Every structure is written in structure tokens, then in C-alpha cells.
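First the structure, in the form of C-alpha cells, and then the observations on it.
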């Protein structure tokens, strides 16, 4: 078994209470074999990497998105959620075929890998395509076929069959890098009995549930008018929270809803960039954290962000709640970064990812800290949270395999993907 | 006279109503000689640059900061403004000598140039050092010796002499790249009669005034307790607004104060990153824009940001006011980018900067748009505002001279500056 030894590096393990230190890290097969302050002796077959000028930290975990929608980046901006969805996104998305989903997902996964994201959640259709790209690209994916239930009954039924087959077939594939979930798109896009059927499948397959929840105020109000209860109680009654569950957005939760989420260990994927851009509002993250909810971070799709830079989501999470609450200690730097690493991993049931620790999976990234915007080299947690960007990532490892070296992705053909993504959008717009 | 011809580039002129186009741009001496869709014939002595894969746009204008404070990046975070100032910043700043200010300014100017900022405002002390770095680095600087008046009278008087001498000596130097202003630090750090003396000097030298204004709610409340009026009316009565004036922050302005600012053409330097990080609040920028105020963007110092990436300030300006107001059309992408280019330049009285137009000064930057996060190449204004970062800048020209080529600064010694900045902080902390 070959070993990768990174020496002379600076390490940020993200283990609570552990300081940044100079040292080494050894990868054996898919795991971190050891990490510490003085490098081990040379062994035959070692790959030795000089980590001088680099900060090594756990790969970032993006807990909500729709990778294929990168094809629609910049297609509609400065519009309200419903207008953006109904007039810009849905008409073009309705034309997406399997090849579009493949290239859109390739483009997103390429961007994510180059920017230090090593695990991501994806909710979309044509998920076999996405899973195949995950398999070949080497990234870790928690994937789900998102289903909208308001459509002709045979179509709705067919989607359930497809979603179940996808979740069952792919769970645990690609050496365990792929996990799956079941996903009703949102309470407002699925009839209650349809959601119950999805819960039953999740129960049968023993899988978690992912859904959009209370993204906009209008959505919550319409829900109350239609059902007489708020969306969280609605999902609770439908049994959604009897399964492990992660909800995207969760912008408009009142105190009782926070308590329901806490009682059922419902995890929140906070998507600050998307929520600000679509003017959906600002999630009460400091309250969620105080209540003990697991709050992670997601980019949402590149169509509403408009990049997949998780450092930016970390920074937004650290900044906006300070500004809005008037409390400069709200969401401190380490908490924000944990949301994108250790907490992000736990939020999607990846117990062996998100920390640099012996025995954990070797999902890690290197950041070029020998740049002006990281000087002086004072508090590196602060520097990463308040000054870093995706472009500072130089090297990425997932499951012990190097996927990005010196800012070049080794597993995806960047030139082909960029060309095909532009061609795909041209076709979608002209057809 | 040698000409620089950029051909096969993509151009975003920032002229209102003008679309992005493929074409060329010619620089002659310090100015844009022509810009258009088909390149001119080759002349002897031409430097021809292939702009394929690049977006050219006006250089960014950072209208508020304290460059030397980059030495204190990451020294204090997640603290309230007064605690941060009194316990972290001021004790270390009190030890700053001329050499510290020089290297801190070099570090900031290096970071700004590499990140596409071609003009910046600086308010600090030891300003001769800053001006010399501006002169040699090639950047454009609008500089002012910020003075705090609450100190022993002889010290206060000496500062005025120094501030006046600096403003007088350096205005128009470095081929006009340096302009100067007079700067009472803030209403809460200067006695009224001291501010009046500064106004008199500004009047004598025919220079604008720069000051911090209403950054925190507490500051405004204390002002009202002390003077019985709010800070804007206070400055108006002291004659500050009889001079051309740009105020930093302007977070807490009520309707009457907006009207006073409008009536006196007081310009606002909006610093969203710093305001969020220090939990100072969120300026009512959509209202300021509706009132017709000139609102530009500033990073503030790297100690409260913690980088000098103006793309990030553009994005924050475009995002947070949508999220807070619930209006997804608030501060549209083009407006946000104008705040950092054409409006930024006008805000600091640089009438020949901020647009790519024949006759304007040749302050321009190139962005590598051949990267995954800019694909597909749909709406490039949207891409720059919602997806770009400082690290995407490859080339920078100021006054017709190339200062950054292929991400390397040609006028500042990056390795020396990084080393000296770390040494300077070590000394400050240990002395």
C-alpha cells in the first residue's frame, strides 16, 4: 500500500480546541493514517509532498444544491423567487435532457473540486448522470432525485419509481462515496399523500429525507392558508421527521418550529448567498445554533448564487448574522467554518469526514497561504473565514486520491466541459 | 509615443446602456485612445496584447480604507467596534512607526493591485510613507492624514500642521495620480472647534473633506446626548458640507440626514463587509440611491474585513440589501458594479477614471473569464458581480502603465513585503 506523506505543512484539523500547527499528515489508502508535528521516516513507495506555504484543512461540505443548474448561471438575476423560477428557470429546465444534466453537473463538480468542496448534496433529475459524474470525478456525493408531485398521476407515480430505484441502486456505490436520500421537492410542490409515499420509501430503504422548507415568507403564508398549519408541523404530521432529515433554507421558522426541528434532530442547510440574492430573507441562524440544531451550509445552485464557492457561504454566514443582530460575536469564525466542514459532514451522515484526524477518510484540501491577503500569518481560522476564496485552493484529495493538483483538476476535462456547457445552453435557448 | 493595443478581448465599458462587446482597446500614453469592435492596423512600436479569454473593465475604486492596518489583519475578530478599537487596534497602532506604515501600506497596495483595485482612498498617519508607496507602485491614491482632535492641545495643533502640509505638498503629485483631502477622523473623536479649523484649511487649499460618520448606533446616541443634535446636522453646522465631502460608512442616517446629504452632495462610502463584521448595522443603501446620493464602496481596513477584495464589497452591496429589504431588485448588479467603478471614481472627484471610453485615463483590468465559475458565458455583468473574486484578475493598468501582468505585480517586491509585514507585526506585539 502506497503512502502519501505531506510534510512541512500548516494544519487546521477543525477539531474543537485544537490549534493550527506545523507538521505532517500521512494518507494510507483512503484514510488519514496519522497527523502530527514531526514527519515519520521515509518508507519505500512513499509519495512525499512538501506542504510549505500551504494550509491543509478538511474538504468543504456543500449540503444543498442542484449541480446541473450551473447551465443557467446568469440567465436570470435580480428577480423574485417565484418569477425567477416560473419565467426563467422552469421553462429552460423543462428542456433539460440527460446530456444537459451530465454536462451541467460536470461543470459544477469541476468548480466545486477546484474550489475545495469535497462532498456535496445534489437534488435533481436524471440522477444516474449525476451519479456517474460523481463516480468518475472522485468527489463525494449525497444524491437524491427530487420529485415534484403536482403533475399528472401517472407521471407522479413514475417519478416515485425512478427516485426509489435511483436511491436503492446507487447508495454505497463508488467505494461508498455515493450515498442517497429521498426528496419531496417541497411542501408546496407535493400533495400530502405523495409526501407520505416518499416517507414510506425512505423507511423501506432506511434512507434520510431532503426537502426545501420555508424558503420564503409568501410560501409559508400560502401554506397556512391552504392547510391551516405551518409547513414544519405539516411535514411532522406526514412523518417526514420520523426519518433522518435535512432541510434546505429553513429561512422562516418560528420558535415552535425550531423546537420541532430540535426534537426531531432535523438538520438545516443554510444557504445565505441564495437567500440574499432571491431576497428570501435571513434565516435566524444564531437562534438555531442556540437551540442546538445542526446548521450546515449550502450554495444552492449556481443559477441563484452565482458561484459554488463555499468560502463565500462561510463568510456570509459569519458576517450577515452579526450585521442583522447587531451582535459581533454571532456565528464566530470557527463556528462558521465548522458549518462547512465537521458539522456539514455530520449533517449529511458522513461520520468519517470533516476533520483531519487519524482514522478519518482522507478528504482534505490545501490552501496557498503565501499570498498577500493572508499576511501577516496571524489567526489562520480568521484568515480562511474572512479572507479566503475558492481560487486559493491548490490541491484536493478525496478518499485518499488526489483530484486537484496545482489548481488543475486531474479527473475532469476542463476544456471539454466549458465548451459543452456553452453549447448546451445555446441549444436550450434556441430550441 | 508607444501604443498598447489589446485585441480579441471582451469589453465591459461600464457606460450606462452599453452592452459587453468583443473588440479592441488602444492605450496611448496615460489614456484610452480608442475602443471598439475591430482592431486598428499595426503601427511601429505597438505592444499588441491578445485579450482572448479575458474580460476588460475599468479598474475598481476603493473609497475608504486605512492601508497600513493590514498589519493587524486577523489580530482581533468577532468583537464590537469599541472593544475592537480600544483593546485590539489602538494599543498596537500607537506603536506604529513610519516603517510600519510603509510596509503595511505596501502590503495593502500589493493586495489591491493584484485584485484589480486601481484607485483607493487612504486615511491614516505617516502619510508621506503612504504617498511614496503610491508614487512607486503606480496605483492612484486619494490620500489624507486623518486627525483625532481629542489629545493634548499642542499635539492636536501639530497634527493640523502636518495634515495641512501633507495635503498641500502631495496634491497633484505622481503625474496627478495622487490627490489629497482633509480628514477629521470622526465627529466623536474631534472637538467642534477642531473640526472648524480643518474646514478652514480645506477651504484655504480648496480640497475635499473625508470623515467617518454614523458608523454605529451607539455613536449616534452618544452624539445626541452630548450635543443635542445628530452627527449629520452637527457637521453641517460646522461647515463640513460646504466643502466637497465623502463620508465613510453612513450606516445610521435618518430621512432628514439623507436629505441634508442630498442637498450638500455629500457622498457615502458604503463599507458593507466591515459594517457586517463589526455588527455596526446595515446602511439604508436603497434609500440613499433613491434619494440620488452618490454611493460608492470601500473595504475599510483589512483589520475589519479581512481582505481588500472589492469584488466582495460589490457582491455584498448587491446581496445584503435584497435580503434585508425583501426586494430582489434592490441594488441591481449593474448598479453595484458602478458603485465600484464609475460612481466610485466620481465620488472622489476623479472625473477621468471609472469608464472604458476614449479620452479617459487608462485605468483598466483584465479578468480571466475562461474559468468554470464564469461558464456559460451568459450575462458578464452578472458573472462579475455574483461570481468573481480578486483572484480572477490577471492584468492591471493604471495611467496607461501595466502594473500587474499574469497575476504578478511588476512594481512591488511581493516576497520582501510579505516577509517584512510579518516581522513588523512580531515587533509590534513583542514591544
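Chains as they are written, first to last, in my numbering: chain W, 1 to 431; chain L, 1001 to 1431. Glycine residues also receive a C-beta, built at the ideal position from the N, C-alpha and C atoms. The structure displayed is predicted, hence computed values, not measured ones.
Against chain L, the CB of residue 373 (chain W) has a partner CB under 8 angstroms away; the residue lies at that interface.
If the five residues before and after residue 1134 (chain L) are omitted, its C-beta is found closer than 6 angstroms to the C-beta atoms of 1141 and 1178, all from its own chain and listed in chain order. Cβ-Cβ separation between residue 231 (chain W) and residue 187 (chain W): approximately 5 angstroms, consistent with a contact (criterion under 8 angstroms). Within chain W, the C-beta atoms nearer than 7 angstroms to that of residue 1075 (chain L) come from 378, in chain order.
For residue 1414 (chain L), the chain W residues whose Cβ falls inside 8 angstroms of its Cβ are 372, in order along the chain. A straight line joining the alpha-carbon of residue 1287 (chain L) with that of residue 1281 (chain L) spans about 15 angstroms. Unbroken beta strand (DSSP E) stretches of 3 residues or longer found wholly inside the region 216-294 of chain W: 245-249 and 267-270, given in chain order. Inside the region 83-136 of chain W, DSSP marks whole beta strand (DSSP E) runs of 3 or more residues at positions 117-124, from first to last along the chain.
Of all residues in the region 1085-1117 of chain L, the ones placed with a Cβ closer than 7 angstroms to any Cβ belonging to chain W are 1107, 1110, 1111 and 1114, in chain order. Of all residues in the region 386-401 of chain W, those with a C-beta nearer than 9 angstroms to a C-beta of chain L are 386, 387, 388, 389, 390, 391 and 392, reading in chain order. Taking 9 angstroms as the upper bound on Cβ-Cβ separation, chain L lies near residues 272, 273, 275, 276, 277, 278, 279, 280, 281 and 282 of the region 262-283 of chain W. Per DSSP, residue 1033 (chain L) lies in no alpha helix (DSSP H); the unbroken beta strand (DSSP E) holding it starts and ends at 1031-1036. Residues of the region 1208-1231 of chain L that bring their beta carbon within less than 7 angstroms of a beta carbon in chain W are absent altogether. Neighbours of residue 329 (chain W) across chain L, judged by C-beta separation under 7 angstroms: 1078. Contact between residue 1297 (chain L) and residue 1339 (chain L) is confirmed by a C-beta separation of about 5 angstroms, below the 8 angstroms threshold.
Secondary structure note for residue 1144 (chain L): its beta strand (DSSP E) is the uninterrupted segment 1140-1147. According to DSSP, residue pairing for residue 24 (chain W) in a beta bridge involves W:36.
If you draw a straight line from the Cα of residue 239 (chain W) to the Cα of residue 1091 (chain L), it is about 58 angstroms long. Residue pairing by DSSP puts residue 7 (chain W) in a beta bridge opposite W:50. Uninterrupted alpha helix (DSSP H) stretches at least 4 residues long and entirely within the region 176-221 of chain W occur at 192-205, given in chain order. Rounded to whole angstroms, residue 269 (chain W) and residue 63 (chain W) show a C-alpha spacing of 6 angstroms.
For the pair residue 370 (chain W) and residue 1417 (chain L), the Cα-to-Cα distance works out to about 11 angstroms. Proximity of chain L to residue 254 (chain W) at the Cβ level (cut-off 8 angstroms) is not reached, the minimal Cβ distance being about 17 angstroms. Counted as a single uninterrupted DSSP element, the beta strand (DSSP E) harbouring residue 398 (chain W) occupies residues 393-398. Listed along chain W are 74, 77 and 306, each with a C-beta nearer than 7 angstroms to that of residue 1382 (chain L). L:1249 is the residue among L:1265, L:1284, L:1267 and L:1249 whose C-alpha sits nearest the C-alpha of residue 1299 (chain L). Close to residue 260 (chain W), with beta-carbon spacing below 7 angstroms, lies no residue of chain L; the smallest spacing is near 25 angstroms. Separation of the CB atoms of residue 376 (chain W) and residue 1421 (chain L) is rounded to 5 angstroms, and the pair is thereby assigned contact status at 8 angstroms. Of all C-beta pairs linking the region 382-393 of chain W to the region 102-122 of chain W, three or more are shorter than 8 angstroms, placing the two stretches in contact. Contact note: residue 1320 (chain L) reaches chain W through 276, 320 and 323, using a C-beta cutoff of 8 angstroms and chain order.
The Cβ atoms of residue 363 (chain W) and residue 119 (chain W) lie closer than 8 angstroms to each other. Residue environment for residue 47 (chain W): exposed (fewer than 16 other C-beta atoms within 10 angstroms of its C-beta). Under DSSP, no beta-bridge partner is assigned to residue 1382 (chain L). Assigned with DSSP and collapsed to three states, residue 1073 (chain L) falls in coil, not helix or strand. Spanning the alpha carbons of residue 49 (chain W) and residue 1126 (chain L) requires a straight line of approximately 44 angstroms.
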